[in-house]
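Student:
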Amino acid sequence: MHDWITTPVTADLLRGALDVEHTEHGVLPHRLPARARAQNTDGQLAMAESQPAGVRLVFRTRATAVELDALPTKRTYVGAPPRPDGVYDLVVDGRPAGQGSVLGGNVITIDMAEGTSEVRPGPHGTVRFDGLSGEVKDVEIWLPHNETTELIALRTDAPVETAPPADRRVWLHHGSSISHGSDAASPRNTWPAVAATLGGVELINLGLAGSALLDPFTARAVRDTPADLISVKIGINIVNHDVMRLRAFGPAVHGFLDTIREGHPDTPLLVVSPILCPIHEDTPGPCFPDVSELGEGRLRFRTLGDPAERASGKLTLQVIREELTRIVQQRAAEDPNLHYLDGRELYGESDSTELPLPDDLHPDAATHRRMGERFAGVAFGADGLFGSD
1168 MHDWITTPVT ADLLRGALDV EHTEHGVLPH RLPARARAQN TDGQLAMAES QPAGVRLVFR
1228 TRATAVELDA LPTKRTYVGA PPRPDGVYDL VVDGRPAGQG SVLGGNVITI DMAEGTSEVR
1288 PGPHGTVRFD GLSGEVKDVE IWLPHNETTE LIALRTDAPV ETAPPADRRV WLHHGSSISH
1348 GSDAASPRNT WPAVAATLGG VELINLGLAG SALLDPFTAR AVRDTPADLI SVKIGINIVN
1408 HDVMRLRAFG PAVHGFLDTI REGHPDTPLL VVSPILCPIH EDTPGPCFPD VSELGEGRLR
1468 FRTLGDPAER ASGKLTLQVI REELTRIVQQ RAAEDPNLHY LDGRELYGES DSTELPLPDD
1528 LHPDAATHRR MGERFAGVAF GADGLFGSD
């Protein structure tokens, strides 16, 4: 038996969140601030930013047992096998120390063929970690990167205190579902989390599934968030949503970078182009999910574009990379802290042969780790684009 101590979950126990909303159940971490959320009407982005990729509870304690009550919102797809429960990663003094899940919760049932969804309320649950040492230690609980998670109560068998600020540089990264962590094994195994761990930096992950669309409110969120290093991964969502043509893309990139520079005039800023994605290398979007094999657990993405449409300004990943290269070279003449990385250095032709994208759009768990390791080497090494401490 444990003599439990309940500690309210407050903003000072959370890292990686830009805002904390108080709900009827507890607190809901957000990865976009309230003002940005108020300017958004897209349900996909609302879901993505409320999924706490890179967000973790951090505290110092002698506790040998820890319980966290949470209300998850899970997704299921009509005609598809059930998705696995989201994973909570426990880290003690910087080392992996366990994993768990919260059962139950709300369920959003999505019909990809009809483009509809339905929400079924459910009960909250508890994830528990025990058998910890009684020594003073720094504890991190990384929240599921793919489940909206309302935090209700934190219980321990010893008092909890706020951990001191980490003596590490803060890296803020923005990107698409690939950066968000789609199909990664757990929250600490998304490629940005792997890179942050290897690079010894504090991560703020603004990877927003389906929503890296050069939205001005996202640029303002980056602008207004303290960070020592910033990277923005641009391209795949622009193409697969078919949201703009070449004429609009260049000025939109300039505007996005201009806004970031208003708050971070000298911060090292890395522009990353898309990783290899064969269906969109030379073929424009939009793309759509092929649900014909969903009952067997297989989902593929197909493109509706035609390579000939490039002549009318439609975007492909090759065009995106060429334009980003041009823009960064132009701006770097007056901005020595601006850099460019071709995303194919993280996942390219040889990787595609060895580790093909399972759904033709998103990397699998092994590829996330490879990308994280490569980014850490390219960005955080002594001779890397971000240098070392």
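Numbering follows my numbering, with no gaps: position 224 of the sequence shown is 1391.
All C-beta atoms in this analysis are idealised placements derived from N, C-alpha and C, irrespective of residue type, glycine included.
Locate the alpha helix (DSSP H) running through W1358, then write down its first and last residues.
Tutor: Translated into the one-based positions of the sequence shown, residue 1358 becomes position 191. From DSSP, the alpha helix (DSSP H) with W1358 extends over W1358 to G1366.
Student: Are the segment 1326-1336 and the segment 1277-1296 in contact at 8 Å, needing three or more beta carbon pairs?
Tutor: In short, these stretches do not touch, since the Cβ pair count stays below three.
Student: Ends of the beta strand (DSSP E) at G1267?
Tutor: Start at 1 with the first residue of the sequence shown, and residue 1267 comes out as number 100. It spans R1262 to G1267 - the beta strand (DSSP E) in which G1267 sits, taken as one unbroken run.
Student: Rounded to the nearest angstrom, how far is the Cβ of I1401 from that of A1415, given a contact under 8 Å?
Tutor: As a first step, residue 1401 must be located in the sequence shown, where it is residue number 234. As a first step, residue 1415 must be located in the sequence shown, where it is residue number 248. Actually they are not in contact, since the Cβ atoms of I1401 and A1415 sit about 13 Å apart, beyond 8 Å.
Student: Going by CA-CA distance only, name the one from G1210, E1302, L1365 and V1439 that's closest to A1549.
Tutor: Taking the sequence shown and counting its residues from 1, the one referred to as residue 1549 is at position 382. Nearest option by C-alpha distance: L1365.
Student: Quick check on the burial criterion: 16 or more other C-beta atoms within 10 angstroms. Buried or exposed for A1237?
Tutor: Translated into the one-based positions of the sequence shown, residue 1237 becomes position 70. The residue is buried, with at least 16 neighbouring Cβ atoms inside 10 Å.
Student: Assign P1332 to one of two classes, buried (16 or more other C-beta atoms within 10 Å of its C-beta) or exposed (fewer than that).
Tutor: For this step, residue 1332 is matched to residue 165 along the sequence shown. Exposed, since its Cβ has fewer than 16 Cβ neighbours within 10 Å.
Student: Suppose contacts are defined by Cβ-Cβ distances below 8 Å. Is D1409 in contact with P1451 by that definition?
Tutor: As a first step, residue 1409 must be located in the sequence shown, where it is residue number 242. As a first step, residue 1451 must be located in the sequence shown, where it is residue number 284. The answer is yes: Cβ separation under 8 Å.
Student: P1418 and G1221 - do their beta-carbons sit closer together than 8 Å?
Tutor: As a working note, residue 1221 is residue 54 in the sequence shown. As a working note, residue 1418 is residue 251 in the sequence shown. No, they are not a contact pair.
Student: If contact is defined by three or more beta carbon pairs under 8 Å, each pair taking one atom from either stretch, is the segment 1310-1319 in contact with the segment 1535-1542?
Tutor: Judged by Cβ distances under 8 Å, the segment 1535-1542 makes no contact with the segment 1310-1319, as fewer than three pairs qualify.
Student: Report all residues from its chain with a CB closer than 6 Å to the CB of F1547; omit the five preceding and five following residues, and keep chain order.
Tutor: As a position in the sequence shown, residue 1547 is number 380, starting the count at 1. The residues are G1366 and F1553.
Student: Return the chain-ordered list of same chain residues with a C-beta closer than 6 Å to the C-beta of G1246, the five sequence neighbours on each side being excluded.
Tutor: By 1-based counting over the sequence shown, the position of residue 1246 is 79. The residues are L1461 and G1462.
Student: If you measure between the beta carbons of V1420 and Y1507, is that distance less than 8 Å?
Tutor: Taking the first residue of the sequence shown as 1, we reach residue 1420 at position 253. Taking the first residue of the sequence shown as 1, we reach residue 1507 at position 340. No.
Student: What runs of the alpha helix (DSSP H), each 4 residues or longer, lie entirely inside the segment 1317-1395?
Tutor: Counting whole runs of 4 or more residues, the segment 1317-1395 contains the alpha helix (DSSP H) stretches 1344-1347, 1358-1366 and 1383-1390.
Student: Have a look at R1428 and L1381 and give me their C-alpha separation to the nearest angstrom.
Tutor: Mapped onto the sequence shown, residue 1428 falls at position 261. Mapped onto the sequence shown, residue 1381 falls at position 214. Each residue's alpha carbon lies about 15 Å from the other.
Student: If we ignore side chains and look at the alpha-carbon of each, how far apart do E1521 and Y1514 end up?
Tutor: Residue mapping note: residue 1521 aligns to position 354 of the sequence shown, counting from 1. Residue mapping note: residue 1514 aligns to position 347 of the sequence shown, counting from 1. Computed Cα separation, rounded: 10 Å.
Student: Under three-state DSSP, which class holds H1189?
Tutor: Sequence index remark: in the sequence shown, residue 1189 carries index 22 (1-based). H1189: strand per DSSP, three-state reduction.
Student: Can you tell which of T1243, D1179 and R1541 has its C-alpha closest to the C-alpha of S1284?
Tutor: The residue given as residue 1284 occupies position 117 in the sequence shown. Of T1243, D1179 and R1541, the residue nearest in Cα terms is T1243.
Student: Whole-angstrom Cβ separation of S1349 and N1372, contact assumed at under 8 Å?
Tutor: As a first step, residue 1349 is located in the sequence shown; it is residue number 182 there, counting from the start. As a first step, residue 1372 is located in the sequence shown; it is residue number 205 there, counting from the start. About 12 Å; that fails the 8 Å criterion.
Student: Which value, in whole angstroms, describes the spacing of the CA atoms of L1484 and T1276?
Tutor: Here residue 1484 refers to the residue found at position 317 when the sequence shown is read from its first residue. Here residue 1276 refers to the residue found at position 109 when the sequence shown is read from its first residue. Spanning the two alpha carbons is a distance of roughly 32 Å.
Student: Would you mind reading off the limits of the beta strand (DSSP E) that contains V1306?
Tutor: The residue given as residue 1306 occupies position 139 in the sequence shown. First-last of the beta strand (DSSP E) with V1306: K1304 to W1309.
Student: For the candidate residues N1273, L1181 and P1435, whose alpha-carbon lies nearest to that of A1499?
Tutor: Numbered from 1 along the sequence shown, position 332 holds the residue referred to as residue 1499. The residue with the shortest Cα to Cα distance from A1499 is P1435.
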